[in-house]
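*Asks:* Dumping the structure here so I can ask a few things about it.
Residue numbers (my numbering), protein chains in the order written: chain A, 1 to 266; chain B, 1001 to 1130.
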């Protein structure tokens, strides 16, 4: 018996630094992701400004070519078009990197959905990188038109992925808050062990029941949201869970108010 | 007195002095003492009264200050009560408010990373009809 206890203690002693180290790694990893997001976001904004300028320039050149219909104006339009298409690819590629990092940083997303979304984001990044290389090599009118044609296949893919990831990030945030709220609801439970009986006990129990009912409603709406996301992904349809998300948000706000009231009255 | 009665010589020496002193000196002493007592009591009374007033004023000042502190420290900028009456911050209440702040920044109507405002139909020539 003594030996067993000693070995358990020894084991705990051995794993505790490993566990602590793992926690530190996790924190530093999260910190580095946040820093990376800030850096990629800066790059994204810079590239977007550059793209806007190039797109404006291309539209002017295109207008000139339509008006003048000369070889010189065609050459300017081709070069400006190539530049604008290249910068658009770059912006979208950086945007994909940004949503990938946001997915990695997010806590509340269902692990299965997170893995699928990350894989989809990485695959699409490869597709966009390949398209960017093609655009870079497109030096004449035919090639520029060809990369524009190829982009039409990528366009719906990226808009669908953006919609999917954006929905995941929103519901993930709400899920995180719901998970934290559960522990708060438990802490304010007047039936919990150690709670002192008082004249207000019955009132507190009724108030707590109200909060529990709200939490159940939130859980149902969140469950509905996750199911809708899965079904929409499988059927490759656009996702719209804005109504259930709005309901979750409103009910969580109400829960916070109720909890604050209960704690203030104790 | 018994000693004086027995010693007549001493009595003879002392008696004239008492007689002359009692008629001339004693009334003067009484007349001089009374005004002095009145003069010394007035500043003392005024001083005591001022002290009491100052004390009362100090108590009022402290209580007002305490009331003001309680009002200002119990609430945050947005009017939420975060301190109990004993001045200690309720950790549970603080936790609730922190989570509420987190919730407000998670409004699902706000898109954190909106889709880039790029022209998805950008091209040089119109697409060929299929």
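Don't be surprised by glycine CBs; every beta carbon is placed ideally from N, CA and C.
Alpha carbon to alpha carbon, how far is residue 1050 of chain B from residue 1026 of chain B? Give it in angstroms, no decimals.
*Replies:* If you number the second chain from 1, residue 1026 of chain B lands on position 26. If you number the second chain from 1, residue 1050 of chain B lands on position 50. Since pLDDT at residue 1026 of chain B reaches only 48, below the 50 mark, its modelled position is unreliable, and no value is offered.
*Asks:* Compare the Cα-Cα distances from residue 54 of chain A to each of A:72, A:86, A:126 and report the closest residue.
*Replies:* As a first step, residue 54 of chain A is located in the first chain; it is residue number 54 there, counting from the start. Among A:72, A:86, A:126, the Cα nearest to that of residue 54 of chain A is on A:86.
*Asks:* Checking contacts by CB at 7 Å: is residue 95 of chain A closer than that to chain B?
*Replies:* Along the first chain, read from residue 1 onward, the residue named residue 95 of chain A stands at position 95. With 7 Å as the cut-off, residue 95 of chain A counts as an interface residue toward chain B.
*Asks:* Once DSSP output is grouped into helix, strand and coil, what is the label at residue 1118 of chain B?
*Replies:* Against the second chain, residue 1118 of chain B aligns to sequence position 118. Residue state, collapsed to three classes: coil.
*Asks:* Between the stretch 1106 to 1119 of chain B and the stretch 151 to 166 of chain A, can you find at least three pairs of beta-carbon atoms closer than 8 Å?
*Replies:* yes
*Asks:* For residue 97 of chain A, which residues of its own chain have a beta-carbon under 6 Å away from its beta-carbon, when the five flanking residues on both sides are left out?
*Replies:* In the first chain, counting from the first residue as 1, residue 97 of chain A sits at position 97. Same-chain partners within the cutoff: 40.
*Asks:* In or out: residue 202 of chain A buried (at least 16 other Cβ within 10 Å) or exposed?
*Replies:* Counting from one through the first chain, the residue named residue 202 of chain A turns up at place 202. Counting every other CB atom within 10 Å of its CB across the protein chains shown gives residue 202 of chain A a total below 16, marking it as exposed.
*Asks:* Mind checking whether residue 81 of chain A and residue 1124 of chain B have CB atoms under 7 Å apart?
*Replies:* Sequence index remark: in the first chain, residue 81 of chain A carries index 81 (1-based). Sequence index remark: in the second chain, residue 1124 of chain B carries index 124 (1-based). Yes. Within cutoff.
*Asks:* Tell me which residue opens and which closes the alpha helix (DSSP H) that residue 175 of chain A is part of.
*Replies:* Here residue 175 of chain A corresponds to residue number 175 of the first chain, with the count starting at 1. Segment 141 to 187, the alpha helix (DSSP H) holding residue 175 of chain A.
*Asks:* Whole-angstrom Cβ separation of residue 140 of chain A and residue 78 of chain A, contact assumed at under 8 Å?
*Replies:* On the first chain, residue 140 of chain A is found 140 positions in, with the first residue counted as 1. On the first chain, residue 78 of chain A is found 78 positions in, with the first residue counted as 1. Right, their Cβ atoms sit about 7 Å apart.
*Asks:* Using a C-beta cutoff of 7 Å, does residue 1102 of chain B count as contacting chain A?
*Replies:* As a working mapping, residue 1102 of chain B is identified with position 102 in the second chain. Cβ-Cβ to chain A under 7 Å: yes for residue 1102 of chain B.
*Asks:* Compare the Cα-Cα distances from residue 95 of chain A to each of A:208, A:215, A:260, A:48 and report the closest residue.
*Replies:* The residue you call residue 95 of chain A lines up with position 95 of the first chain. Comparing Cα positions, the closest option is A:48.
*Asks:* Determine the burial state of residue 251 of chain A: buried for a count of at least 16 other Cβ atoms within 10 Å of its Cβ, exposed for fewer.
*Replies:* The count along the first chain starts at 1 and reaches residue 251 of chain A at position 251. Its Cβ being crowded by 16 or more others within 10 Å, residue 251 of chain A is buried.
*Asks:* Since residue 177 of chain A meets chain B, which of its residues come closer than 7 Å, beta carbon to beta carbon?
*Replies:* Indexing the first chain from 1 puts residue 177 of chain A at position 177. Those within 7 Å of residue 177 of chain A in chain B are 1099, 1102, 1103, 1106.
*Asks:* Judging by CA-CA distance, which residue of B:1063, B:1117, B:1099, B:1058 is the nearest neighbour of residue 178 of chain A?
*Replies:* One-based indexing of the first chain puts residue 178 of chain A at position 178. The residue with the shortest Cα to Cα distance from residue 178 of chain A is B:1099.
*Asks:* If contacts are defined as beta-carbon pairs under 8 Å, then residue 102 of chain A and residue 27 of chain A qualify, I think. What distance do you get, rounded to the angstrom?
*Replies:* Stepping through the first chain from its first residue, residue 102 of chain A is reached at position 102. Stepping through the first chain from its first residue, residue 27 of chain A is reached at position 27. Rounded, the Cβ-Cβ distance is 18 Å, inconsistent with contact.
*Asks:* Considering residue 220 of chain A, what are the terminal residues of the alpha helix (DSSP H) in which it resides?
*Replies:* In the first chain, counting from the first residue as 1, residue 220 of chain A sits at position 220. First-last of the alpha helix (DSSP H) with residue 220 of chain A: 201 to 234.
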